[in-house]
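Student: So the protein lines, in turn, are chains A and B.
Counting in this note's numbering, the first sequence runs from 1 upward without gaps.
Counting in this note's numbering, the second sequence runs from 1001 upward without gaps.
Protein chains: 2
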Amino acid sequence: MAKDKKPKIRRPRAETPKGFRDYFGTEVVERNAMLARIAEVYHRYGFDPLESSAVETVEALGKFLPDVDRPNEGVFAWQEDEGDWLALRYDLTAPLARVYAQHRNDLPTPYRRYAMGPVWRNEKPGPGRFRQFYQCDADTVGTGSVAADAEICAMLADTLEAVGIPRGDYVVRINNRKVLDGLIESVLLNNDLREPLGKEENLGRLVAQHFSAQSSVDIEETRAAIMRTIDKFDKVGLSGVLELLTEGRKDSSGAIIPGVGLPLDRAARVTEFLVSRKSSNELTLGALDQLLSHSRIGIEGVQELEQIAALLAAQGYGPDRIVIDPSVVRGLGYYTGPVFEAELTFEILDDKGRKRQFGSVAGGGRYDDLVKRFTGQEVPATGVSIGVDRLLAALREKGRLGADSQGPVIVTVMDRDRMADYQAMAAELRNAGIRAEVFLGNPKNFGNQLKYADKRNSPVAVIEGGDEQARGVVQIKDLALGARLAAEVETNEEWKAQPAQMEIPRADLVAEVQKMIARAARPADRQ
Amino acid sequence: MAKDKKPKIRRPRAETPKGFRDYFGTEVVERNAMLARIAEVYHRYGFDPLESSAVETVEALGKFLPDVDRPNEGVFAWQEDEGDWLALRYDLTAPLARVYAQHRNDLPTPYRRYAMGPVWRNEKPGPGRFRQFYQCDADTVGTGSVAADAEICAMLADTLEAVGIPRGDYVVRINNRKVLDGLIESVLLNNDLREPLGKEENLGRLVAQHFSAQSSVDIEETRAAIMRTIDKFDKVGLSGVLELLTEGRKDSSGAIIPGVGLPLDRAARVTEFLVSRKSSNELTLGALDQLLSHSRIGIEGVQELEQIAALLAAQGYGPDRIVIDPSVVRGLGYYTGPVFEAELTFEILDDKGRKRQFGSVAGGGRYDDLVKRFTGQEVPATGVSIGVDRLLAALREKGRLGADSQGPVIVTVMDRDRMADYQAMAAELRNAGIRAEVFLGNPKNFGNQLKYADKRNSPVAVIEGGDEQARGVVQIKDLALGARLAAEVETNEEWKAQPAQMEIPRADLVAEVQKMIARAARPADRQ
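Okay, structure coming up:
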């Protein structure tokens, strides 16, 4: 019996893990081309690339995750034999904080860096929601100057234009967490209060005093609920925001969304704030200044926005590209100052065929506490993250992708003993810079070779049988023209009858294939 | 007491996990540039990019690892909440097998694909040995034709030249696992045996019969030991191989390496085999043909090598680029036919200052069993993997790297209230395609601004104080020239005294900076 102890063969499933996917051909080429264009802009702005390791200690990553909308998300983690817990990075910001803390003596200050690469989230996958995806970040570490925030916004506008989003089809919207803090103060505090507040501790105590009925309510929870509601402004409009801040709202499916429970007059301060975006940045800033005049932190935020707007105006970035918009929230994670978001303003059709704006493709802001975790020192930082997949989808919408999807010229195999001759043809074509290959599958059925060429999106097939060889000629076939028929043709004789095929001297192979490809690239010139 | 339950703050260590590292600036740029050049060659050969997910099920990866020299290496793995074990890929070949099995109905056959990206090994890190590193592979799946192997070898030669290894500084060496199997037969079997063998089962039984003294020895172990010894030929030479195959050998440190224990006449067959590499591929193949005439599998291997050599010769790849070399082994992992290796032949100094050849930078071969694991069907495949870090090191040796390490032009800040003016200057420079940034650190100490410029390897600094502004001029400073002194200069006045600085009209900023950068790029033109 011991002799027969052969292990049972169970075949593994050929599947990506749930929530993961593969990227093929053009998808990879298009993404790399876009990232290269982005890198070019970042480079011109003085940013240096950084590729940190994909694996970090869980300790270095910390527990906080960047996006409040996904509170259940986690990381992929495992324990080393010696004891350390390791994890895949979930974004590019936490690793930057670790890198800066580790290498700060060798890095310039300020340190401008960009990073591009996959990140991983251990969360429930859904349609279009993967557990591995690309991020593309640029950050400036080590300066508290709002000039750094302004620079990131200008660079973001330049980047969008560089990858193919025309001016007018996007807008970079800027707000400030300090302005939002000021608003929260004005909403939660007694109207009569004249003492400006800067610290959250005081805010909590005072709110408890003034809202005695709500003293048991967690201030942070209310603050977060208000922020989330502001974030929905685009979707639900002013009246929707009012309902959500007070008694709740019925959504389009009829479901009841519970309200935050604010008195109507307090909720109205939020809506007043939301309509403070005026026709110019100056007017918007004036309106904010008035609304937040009682709040020290709020006024500080408005002043920072004024400086940013002035810096951008001096470089020619007008409100056609960059606007102050008080409704920008950008999650609650770790932002401490200016926050910004790039939105594409052209319309697309959603799943249900309704028109809607394309929406956000990038966002970021100032976060001054990340490095402190490691070193104890305050290190101010600001940065932006581009949603690579969303931006690719946008470029697809605008027809800015798909330039380089042409397949190789296929040298077909009529006589399998003459493989060396066919390889030599392919080599000649390649040496002239033409993408070319010999068919390496089973050559018996010629139709299969043409089906293969079709699947590869080949522009031209080269055919040389014994007859052609004897006469010193080859056949070349315009496949763009013949693609429709290719699937049905089964023999070489039928194939030769097609009009797009021509016989040329073997010596002219490279020149004639070049001409045929050029012709295929300009279909308007053909009849 | 419950009130004071504040969590204790323990600062996380700012460190990459053991065996991981970060890549900065030029390192990232150089690698990406090299990979882009490789991709261009692969593309021209008709290969399509594939980026598979970094995470696979452990089941799909299988247990076998590619490299016999590292038998203890493992993967980074963890278990999902629902039960599946997941792992980071340890190479790009196992994921290709999974991808091909999963998507075979949508992919062309043959499927030529290339892949570039990090892989992870859970092994003990050492100097220069990391647990995350890049691989760059090209494979052709779905054809058993040796034309596919020949094509990969030709492409490998083209690739090395495209990234900057001149012809003559590399050689692609080709062997065949079937030839090695034939050799093993001739070593292990009785001389008198005339019956050719093809199957390992028979081999084992017959070896047990003929080597009755060794019948308890594991044939596979002996085979592997012989292979490993052949692999050391380059290092220990013919006499070393003889010693290692028989009674063992004292290495340079005096340590005894135990021998395989073959009788001397059997071991001599291996050395005879190793010197069968002659001055031309024809002579080598002739010698192999004689040596392996008794072995069916051996002769099959020689015939395949003949076809490959003929195909390559027809495309002009002579023995200056590609040679048949019986001493190539390439691990035992999963190769079933032709194996190949690209070796750089120029000399470098090793750690101890001794001259040695640079050695292997790429290798691969035919593996016909990987996809079968998933589908049960035989799917022949062949491919190559380039050692990205080794090839980068080689290019560094050849002085082919480091072209684009120039930093940005630094617009210094003399008056922090005029940040908008400085930003506008930087924007002007960038719009002319010049890499430029404003100094965003604390501007108080001007010397620090210059130290920063130095650290960034900036070619030019732009300086505009109130005086300059009033007169409509700016100062521009050639930092390449002034770098030596920069660290000591502490005030603007001293700085202005340096000879490489010039005053120019503000309106000429872009043109004059362009000139100064061009001058810095051609140091021979300077005095």
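Using N, Cα and C, we set each Cβ at its ideal position, and we do this for glycine too.
Which runs of the beta strand (DSSP E) at least 3 residues long sit entirely within the segment 117–190 of chain A? Give them in chain order.
Tutor: List check, beta strand (DSSP E) in window: 132–141 and 170–176.
Student: Within the 8 Å Cβ cut-off, does threonine 57(A) reach chain B?
Tutor: In the first sequence, residue 57(A) corresponds to position 57, counting from 1. Cβ-Cβ to chain B under 8 Å: yes for threonine 57(A).
Student: Is it buried or exposed for methionine 1116(B), if we count other Cβ within 10 angstroms and need 16 for buried?
Tutor: For the purposes of this step, residue 1116(B) is identified with residue 116 of the second sequence, where counting begins at 1. It counts as buried.
Student: Looking only at C-alpha atoms, which of Asp351(A), Ala225(A), Gln475(A) and Val163(A) sits nearest to valine 187(A)?
Tutor: In the first sequence, residue 187(A) corresponds to position 187, counting from 1. Answer by Cα proximity: Ala225(A).
Student: On the three-state DSSP scale, how would you describe proline 1095(B)?
Tutor: For the purposes of this step, residue 1095(B) is identified with residue 95 of the second sequence, where counting begins at 1. Reduced to three states, the DSSP call for proline 1095(B) is helix.
Student: Per DSSP, what kind of secondary structure is arginine 249(A) in: helix, strand or coil?
Tutor: Within the first sequence, numbered from 1, the residue matching residue 249(A) stands at position 249. Arginine 249(A) falls in the strand class under three-state DSSP.
Student: When every heavy atom of the ligand SAM is checked, does at least one fall within less than 7 Å of the C-beta of alanine 1511(B)?
Tutor: The model depicted lacks the ligand SAM and carries no ligand whatsoever.
Student: Taking the DSSP output, what are the residues bridged to proline 258(A)?
Tutor: To locate residue 258(A), count along the first sequence from 1; it is residue 258. In the DSSP output, where bridge partners are listed per residue, proline 258(A) has Gly248(A).
Student: Relative to the C-alpha of arginine 1177(B), which candidate in Gly1164(B), Arg1223(B) and Arg1129(B) has its C-alpha closest?
Tutor: The residue labelled residue 1177(B) in the question sits at position 177 within the second sequence. Cα-wise, what sits closest to arginine 1177(B) is Arg1223(B).
Student: Against arginine 1021(B), what residues of chain A qualify as contacts under a CB-to-CB distance less than 7 Å, listed in chain order?
Tutor: Numbered from 1 along the second sequence, position 21 holds the residue referred to as residue 1021(B). The contacting residues are Ser53.
Student: Alpha carbons only, please: which of Gly353(A), Lys250(A), Pro319(A) and Leu183(A) is nearest the one belonging to leucine 274(A)?
Tutor: Position 274 of the first sequence holds residue 274(A). It is Leu183(A).
Student: So alanine 1150(B) and isoleucine 1308(B) are supposed to be a Cβ contact under 8 Å. How far apart are they, rounded?
Tutor: As a working note, residue 1150(B) is residue 150 in the second sequence. As a working note, residue 1308(B) is residue 308 in the second sequence. That pair is a contact at about 5 Å.
Student: Applying the criterion that 16 or more other CB atoms from any shown protein chain within 10 Å of the CB defines a buried residue, is leucine 305(A) buried or exposed?
Tutor: For the purposes of this step, residue 305(A) is taken as the residue at position 305 of the first sequence. When all chains shown are included, leucine 305(A) counts as buried.
Student: Would you say leucine 1160(B) faces chain A, with C-beta separation under 8 Å as the test?
Tutor: Your numbering for residue 1160(B) matches position 160 in the second sequence. So, not an interface residue.
Student: From valine 1510(B) to arginine 1435(B), what distance separates their C-alpha atoms?
Tutor: Residue mapping note: residue 1510(B) aligns to position 510 of the second sequence, counting from 1. Residue mapping note: residue 1435(B) aligns to position 435 of the second sequence, counting from 1. Near 11 Å, if we compare the C-alpha coordinates of arginine 1435(B) and valine 1510(B).
Student: Report the residue from Ile152(A), Ala87(A) and Arg13(A) whose alpha carbon sits nearest the alpha carbon of leucine 312(A).
Tutor: Against the first sequence, residue 312(A) aligns to sequence position 312. Nearest of Ile152(A), Ala87(A) and Arg13(A) to leucine 312(A), Cα basis: Ile152(A).
Student: Which ranges does the beta strand (DSSP E) cover as unbroken runs of at least 3 residues, wholly within the segment 426–475 of chain A, from first to last along the chain?
Tutor: Complete beta strand (DSSP E) runs here, min 3: 436–438 and 460–463.
Student: What are the start and end residues of each continuous alpha helix (DSSP H) run of 4 or more residues lying completely inside the segment 293–381 of chain A, in chain order?
Tutor: Listed in chain order, they are 296–314 and 372–375.
Student: Along the segment 1022–1049 of chain B, where does the CB come closer than 7 Å to a CB of chain C? Name the residues.
Tutor: Chain labels in this structure do not include chain C; the protein chains are A and B.
Student: Three or more C-beta pairs closer than 8 Å, one from the segment 281–298 of chain A and one from the segment 314–331 of chain A: is that the case here?
Tutor: Yes, they touch.
Student: In its own chain, which residues sit with a C-beta less than 6 Å from the C-beta of threonine 412(A), not counting the 5 before and 5 after it?
Tutor: Translated into positions along the first sequence, residue 412(A) becomes position 412. Counting only Cβ-Cβ distances below 6 Å, and skipping sequence neighbours, we find Phe439, Gln449, Ala461 and Ile463.
Student: Looking only at C-alpha atoms, which of Gly1298(B), Gly1240(B), Gly1259(B) and Leu1262(B) sits nearest to serine 1252(B)?
Tutor: Here the question's residue 1252(B) lines up with position 252 in the second sequence. When each option's Cα is compared against that of serine 1252(B), the closest is Gly1240(B).
Student: Given that a residue counts as buried once 16 or more other Cβ atoms are within 10 Å of its Cβ, and exposed if not, what is methionine 1516(B)?
Tutor: For this step, residue 1516(B) is matched to residue 516 along the second sequence. By the neighbour-count rule (16 or more Cβ atoms within 10 Å), methionine 1516(B) is buried.
Student: Alpha helix (DSSP H) containing valine 1388(B): first to last residue?
Tutor: If you number the second sequence from 1, residue 1388(B) lands on position 388. It spans 1388–1397 - the alpha helix (DSSP H) in which valine 1388(B) sits, taken as one unbroken run.
Student: Once the 5 residues before and after arginine 330(A) are set aside, which same chain residues still bring their CB inside 7 Å of it?
Tutor: Residue 330(A) sits at position 330 when you count from the first residue of the first sequence. Excluding residues within five positions, the ones whose Cβ falls inside 7 Å are Val339, Glu341, Gly363 and Gly365.
Student: Using a cut-off of 9 Å between C-beta atoms, extract the partners of glycine 1142(B) located in chain A.
Tutor: As a first step, residue 1142(B) is located in the second sequence; it is residue number 142 there, counting from the start. Going along chain A in sequence order, the residues near glycine 1142(B) (Cβ under 9 Å) are Leu440 and Gly441.
Student: Determine which residues of the segment 334–347 of chain A have a Cβ less than 8 Å from any Cβ of chain B, and write them out in chain order.
Tutor: Cβ contacts with chain B: none found.
Student: Within the same chain, show all residues whose beta-carbon is closer than 6 Å to that of leucine 1395(B), passing over the 5 residues directly before and after it, in chain order.
Tutor: Within the second sequence, the letter at position 395 stands for residue 1395(B). Once the five neighbours on either side are set aside, the close Cβ partners of leucine 1395(B) are Gly1164 and Leu1401.
Student: Is DSSP giving asparagine 1072(B) helix, strand or coil here?
Tutor: Along the second sequence, read from residue 1 onward, the residue named residue 1072(B) stands at position 72. Because the pLDDT at asparagine 1072(B) is just 39, under 50, the model does not fix this residue reliably, and the point stays unresolved.
Student: Taking the CB atoms as reference points, tell me whether glycine 1337(B) and aspartate 1137(B) lie closer together than 8 Å.
Tutor: Counting from one through the second sequence, the residue named residue 1337(B) turns up at place 337. Counting from one through the second sequence, the residue named residue 1137(B) turns up at place 137. Contact: no.
Student: How big is the Cα-Cα spacing for isoleucine 386(A) and valine 41(A)?
Tutor: Residue numbering aside, residue 386(A) sits at position 386 when the first sequence is read from its first letter. Residue numbering aside, residue 41(A) sits at position 41 when the first sequence is read from its first letter. Each residue's alpha carbon lies about 13 Å from the other.
Student: Just checking: is the beta-carbon of tyrosine 90(A) within a distance shorter than 8 Å of some beta-carbon in chain B?
Tutor: For the purposes of this step, residue 90(A) is taken as residue 90 along the first sequence, with counting starting at 1. No, tyrosine 90(A) lies away from the interface with chain B (no Cβ there is under 8 Å from its Cβ).
Student: Just the C-alpha distance for valine 302(A) and aspartate 289(A), rounded to the nearest angstrom, thanks.
Tutor: By one-based count along the first sequence, residue 302(A) stands at place 302. By one-based count along the first sequence, residue 289(A) stands at place 289. Going by the C-alpha atoms only, they are around 6 Å apart.
Student: Can you pull the DSSP bridge partners for alanine 1087(B)?
Tutor: The residue labelled residue 1087(B) in the question sits at position 87 within the second sequence. Its beta-bridge partners are Glu1056(B) and Ala1077(B).
Student: Quick one: give me the first and last residue of the alpha helix (DSSP H) that leucine 264(A) is part of.
Tutor: Within the first sequence, numbered from 1, the residue matching residue 264(A) stands at position 264. Start and end: 264–274.
Student: Would you please state the rounded distance, in angstroms, between the beta carbons of isoleucine 1230(B) and valine 1270(B)? I believe it to be under 8 Å.
Tutor: Start at 1 with the first residue of the second sequence, and residue 1230(B) comes out as number 230. Start at 1 with the first residue of the second sequence, and residue 1270(B) comes out as number 270. Rounded, the Cβ-Cβ distance is 7 Å, consistent with contact.
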